[in-house]
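Structure, as structure tokens:
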């Protein structure tokens with residue numbers, strides 16, 4: 001990352017915690033992408049799921065894999081506009097959750113002013129990855145929604161084991177050992 005994230009920060013009286021993108025998965029029941037954020041500090045580290053749109057998931061996945069799309073995506077365009085106006089982004093924030101909806105903010109610094117721009121967390125995070133700036137989440141959200149990363153790994157292991165135990169003979173017959 002270009003800027004080192006402070007482990008804890010205050011925003012509008014709320015304690016903010018530095019996080020990083022852990023990975024993107026797919027919700028088995030709805031097929032919707034889920035972005036998992038992970039605390040950068042803590043033991044055990046808590047992870048926070050955020051359901052996002054397909055376009056944002058693709059944009060984030062390109063960044064995580066270090067791949068370039070043929071044409072600029074929306075978040076590349078945002079980055080290019082900010083940089084062409086000699087602006088910078090100091091950080092992005094997921095600051096509020098209301099009625100199962102997360103609210104984010106992008107802090108753009110331009111001409112000596114800090115502009116606090118309301119944004120969806122998925123857009124904020126996609127931009128943060130492109131600009132290599134810190135991502136913060138309100139501590140209250142992490143405490144309410146987050147869960148230990150070890151629980152996620154155990155759930156994945158159990159799901160894989162359940163799937164293996166329920167394979168039928170026809171499916172098993174397709175594989176040679």
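In the UniProt record's numbering, the protein residues as written are 1 to 177. Glycine is no exception: its CB is placed at the ideal position from the N, C-alpha and C atoms.
Per DSSP, residue 107 lies in no alpha helix (DSSP H) segment; the continuous beta strand (DSSP E) that holds it begins and ends at 101-110. Residue 48 holds the alpha-carbon nearest to the alpha-carbon of residue 97 among 32, 24, 43 and 48. The UniProt domain "BFN" (16-149) contains, as complete alpha helix (DSSP H) runs of 4+ residues, the segments 54-65, 74-84, 121-131 and 139-145 (chain order). By the C-beta density criterion, residue 81 is exposed, having fewer than 16 other C-beta atoms within 10 angstroms.
It is roughly 14 Å from the alpha-carbon of residue 73 to the alpha-carbon of residue 125. Residue 136 is a Cβ neighbour of residue 18, given a cutoff of 9 Å. Comparing C-alpha distances from residue 132 to each of 92, 33 and 29 shows the shortest one belongs to 92.
Taking a contact to require three or more Cβ pairs closer than 8 Å, the stretch 110-126 and the stretch 45-63 qualify as touching.
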